[in-house]
Amino acid sequence: MDNPRSARQRWMSVLARAETDRLRALLEDQAPLPEYTVLRGPEAGLVMVRGRAGGGGAAFNLGEMTVTRCTVRTETGLIGHAYVQGRDEKRAELAALTDALMLDPGRTDALERQVITPLECQQEQRKEERAAKAAATRVQFLAMQTMRT
Amino acid sequence: MTPGFADPVADAQSCFRAVLEAMSRPGRVQSVRGVTAPAPLCDAAAAVLLTLVDHETPLWLDPAAEAARPWIAFHTGAPTDGASFAMALSLPDLDTLPTGTDEMPETSATVILQVTSLTTGPAYILDGPGLREPATLHVTGLPGDFASIWQRNHALFPRGIDLILCAGNTLTALPRSVSVKEA
Chain A
823 MDNPRSARQR WMSVLARAET DRLRALLEDQ APLPEYTVLR GPEAGLVMVR
873 GRAGGGGAAF NLGEMTVTRC TVRTETGLIG HAYVQGRDEK RAELAALTDA
923 LMLDPGRTDA LERQVITPLE CQQEQRKEER AAKAAATRVQ FLAMQTMRT
Chain B
296 MTPGFADPVA DAQSCFRAVL EAMSRPGRVQ SVRGVTAPAP LCDAAAAVLL
346 TLVDHETPLW LDPAAEAARP WIAFHTGAPT DGASFAMALS LPDLDTLPTG
396 TDEMPETSAT VILQVTSLTT GPAYILDGPG LREPATLHVT GLPGDFASIW
446 QRNHALFPRG IDLILCAGNT LTALPRSVSV KEA
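One line per chain: the protein sequences are A and B, in this order. Under my numbering, residues 823 to 971 are what the first sequence spells out, in order. Under my numbering, residues 296 to 478 are what the second sequence spells out, in order.
Quick look at the structure:
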């Protein structure tokens, strides 16, 4: 995470997946939050999701996805952006505000420890649970092939 | 960085209506609302940009208005490779802007020109489609030989540049079809 761009990409992606209530609760512990103005949105729109067959083929359009975006500016002039899946406007606004706060050197560490890391852990845990459930239903084609020969 | 329209849908619609009225009744002054412009633009110019310019319309921005570029880029997403629109603080050389072709006159540029005033200054007599009788327009901020520059543009019809004049929170338009004489 030496590259500032990838560091920001990481926390923006964590914030984009965070649930509204959980993010709100975590932010309440960070009070006082600065005043902020909304520069754009929150507004919902469609984004074309593209994929590659097998991860390496030619790009194709998988389908459109509803995305809500928001940009805020805190009273200290920091600008935060958020693009989140779905139509939850409050979620986009909170994520954008957190992104702006993360740019404040005086707050980055506290936020990283108390907001971003807990959210990331929760998201990782969910991902593993889902992967474990899916893995349980996995069919071993290799085994069937071995049986035939 | 400041927000765009206070009410993005209603304000953009009302500004579009103002531009439409101005284009169809050349020289009649319209007013717009709902936006606080970034320096050095006036409110009307900023509103017209928000209303007409988007990621499909390349914008040429006057170097003198460079300070407003981040705001314009953020709110409109307009590319800079070409000139469907030109945002100018002083009248640019019209010969350098696309005037369209006889087959596709709609591909010409629309110049959004910020002037000092639309109520005082030299008077111009406008005549052409949309005007039952010649109309008078006072503008401060146009070059001294504007009438002859405009007559050359007018003579290109159906090709030519359309001009939107903005001052403060008011605007008016000179479509290429209108002829301009000094009063």
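For every residue, glycine included, the Cβ atom is placed at its ideal position computed from N, Cα and C.
Given a threshold of 16 other Cβ atoms within 10 Å of its Cβ, counted over all protein chains shown, does residue i qualify as buried or as exposed?
{"i": "residue 362 of chain B", "result": "exposed"}
{"i": "residue 840 of chain A", "result": "buried"}
{"i": "residue 887 of chain A", "result": "exposed"}
{"i": "residue 823 of chain A", "result": "With a pLDDT of only 48 at residue 823 of chain A, under 50, the local geometry of the prediction cannot be trusted, and the value read off the model is given with reservation. Residue 823 of chain A is exposed by the Cβ-count criterion."}
{"i": "residue 322 of chain B", "result": "buried"}
{"i": "residue 428 of chain B", "result": "exposed"}
{"i": "residue 438 of chain B", "result": "exposed"}
{"i": "residue 915 of chain A", "result": "buried"}
{"i": "residue 498 of chain B", "result": "Absent from the model: residue 498 of chain B. The displayed extent of chain B is 296 to 478, so no value can be given."}
{"i": "residue 834 of chain A", "result": "buried"}
{"i": "residue 315 of chain B", "result": "exposed"}
{"i": "residue 920 of chain A", "result": "buried"}
{"i": "residue 882 of chain A", "result": "exposed"}
{"i": "residue 956 of chain A", "result": "exposed"}
{"i": "residue 325 of chain B", "result": "buried"}
{"i": "residue 345 of chain B", "result": "buried"}
{"i": "residue 961 of chain A", "result": "exposed"}
{"i": "residue 947 of chain A", "result": "exposed"}
{"i": "residue 399 of chain B", "result": "exposed"}
If you check the beta carbons only, do residue i and residue j fall under 7 Å apart?
{"i": "residue 352 of chain B", "j": "residue 413 of chain B", "result": "no"}
{"i": "residue 394 of chain B", "j": "residue 455 of chain B", "result": "yes"}
{"i": "residue 906 of chain A", "j": "residue 890 of chain A", "result": "yes"}
{"i": "residue 902 of chain A", "j": "residue 880 of chain A", "result": "no"}
{"i": "residue 892 of chain A", "j": "residue 863 of chain A", "result": "yes"}
{"i": "residue 471 of chain B", "j": "residue 457 of chain B", "result": "yes"}
{"i": "residue 904 of chain A", "j": "residue 917 of chain A", "result": "yes"}
{"i": "residue 406 of chain B", "j": "residue 442 of chain B", "result": "no"}
{"i": "residue 298 of chain B", "j": "residue 861 of chain A", "result": "yes"}
{"i": "residue 842 of chain A", "j": "residue 913 of chain A", "result": "yes"}
{"i": "residue 433 of chain B", "j": "residue 411 of chain B", "result": "no"}
{"i": "residue 360 of chain B", "j": "residue 335 of chain B", "result": "yes"}
{"i": "residue 897 of chain A", "j": "residue 850 of chain A", "result": "no"}
Apart from the five residues on each side of it in sequence, which residues of its chain come closer than 6 Å, Cβ to Cβ, to residue i?
{"i": "residue 474 of chain B", "result": "422, 423 and 449"}
{"i": "residue 848 of chain A", "result": "937"}
{"i": "residue 332 of chain B", "result": "338 and 341"}
{"i": "residue 445 of chain B", "result": "475"}
{"i": "residue 313 of chain B", "result": "325 and 327"}
{"i": "residue 945 of chain A", "result": "839"}
{"i": "residue 981 of chain A", "result": "Residue 981 of chain A falls outside the range modelled here, since chain A spans only 823 to 971, and no answer is possible."}
{"i": "residue 929 of chain A", "result": "923"}
Specify, as a first and last residue, the run of the beta strand (DSSP E) that residue i falls within.
{"i": "residue 864 of chain A", "result": "858-874"}
{"i": "residue 315 of chain B", "result": "Note, residue 315 of chain B: premise wrong, no beta strand (DSSP E); alpha helix (DSSP H) at 303-319."}
{"i": "residue 474 of chain B", "result": "474-477"}
{"i": "residue 901 of chain A", "result": "901-907"}
{"i": "residue 895 of chain A", "result": "881-896"}
{"i": "residue 433 of chain B", "result": "430-433"}
{"i": "residue 462 of chain B", "result": "457-462"}
Using a Cβ-Cβ cutoff of less than 8 Å, which residues in the same chain neighbour residue i once the five nearest sequence positions on both sides are dropped?
{"i": "residue 329 of chain B", "result": "300, 301, 302, 305, 306, 309, 310 and 342"}
{"i": "residue 378 of chain B", "result": "353, 354, 355, 392, 393 and 404"}
{"i": "residue 874 of chain A", "result": "880, 881 and 882"}
{"i": "residue 357 of chain B", "result": "381, 382, 383, 384, 385 and 387"}
{"i": "residue 852 of chain A", "result": "923, 929, 932, 933, 936 and 937"}
Please list the terminal residues of the continuous alpha helix (DSSP H) segment that includes residue i.
{"i": "residue 343 of chain B", "result": "338-347"}
{"i": "residue 441 of chain B", "result": "441-450"}
{"i": "residue 944 of chain A", "result": "939-958"}
{"i": "residue 369 of chain B", "result": "364-371"}
{"i": "residue 382 of chain B", "result": "Looking at the DSSP string, residue 382 of chain B is not in any alpha helix (DSSP H); the run it does join, the beta strand (DSSP E), is 380-383."}
{"i": "residue 933 of chain A", "result": "927-933"}
{"i": "residue 390 of chain B", "result": "Looking at the DSSP string, residue 390 of chain B is not in any alpha helix (DSSP H), and its letter there is neither H nor E."}
{"i": "residue 919 of chain A", "result": "911-924"}
Residue i: beta carbon under 6 Å from a heavy atom of the ligand GDP?
{"i": "residue 942 of chain A", "result": "You won't find the ligand GDP in this model; it holds no ligand whatsoever."}
Within its chain, find whatever has a CB closer than 7 Å to the CB of residue i; leave out the 5 residues flanking it on each side and keep chain order.
{"i": "residue 349 of chain B", "result": "371, 372 and 373"}
{"i": "residue 909 of chain A", "result": "866, 888 and 890"}
{"i": "residue 401 of chain B", "result": "395"}
{"i": "residue 831 of chain A", "result": "none"}
{"i": "residue 942 of chain A", "result": "836"}
Practice item. Using a Cβ-Cβ cut-off of less than 8 Å, list which residues of the segment 354-385 of chain B approach chain A; keep chain order. Key: 369 and 370
Exercise for review: With 8 Å as the limit, tell me which residues of the segment 832-863 of chain A have their beta carbon closer than that to any beta carbon of chain B; keep them in chain order.
Suggested key: Taking 8 Å as the upper bound on Cβ-Cβ separation, chain B lies near residues 859, 860, 861 and 862 of the segment 832-863 of chain A.
Exercise for review: Identify each residue in the segment 894-905 of chain A for which the Cβ-Cβ distance to at least one residue of chain B is less than 9 Å, and report them in chain order.
Suggested key: 895, 899 and 901
Exercise for review: Could you name the residues of the segment 449-465 of chain B whose beta carbon sits closer than 7 Å to any beta carbon of chain A, in the order they occur along the chain?
Suggested key: none
Review point. Mind listing which residues of the segment 297-308 of chain B have their C-beta closer than 9 Å to chain A's C-betas, in chain order?
Key: So the list reads 297, 298, 299 and 303, given in the order they occur along the chain.
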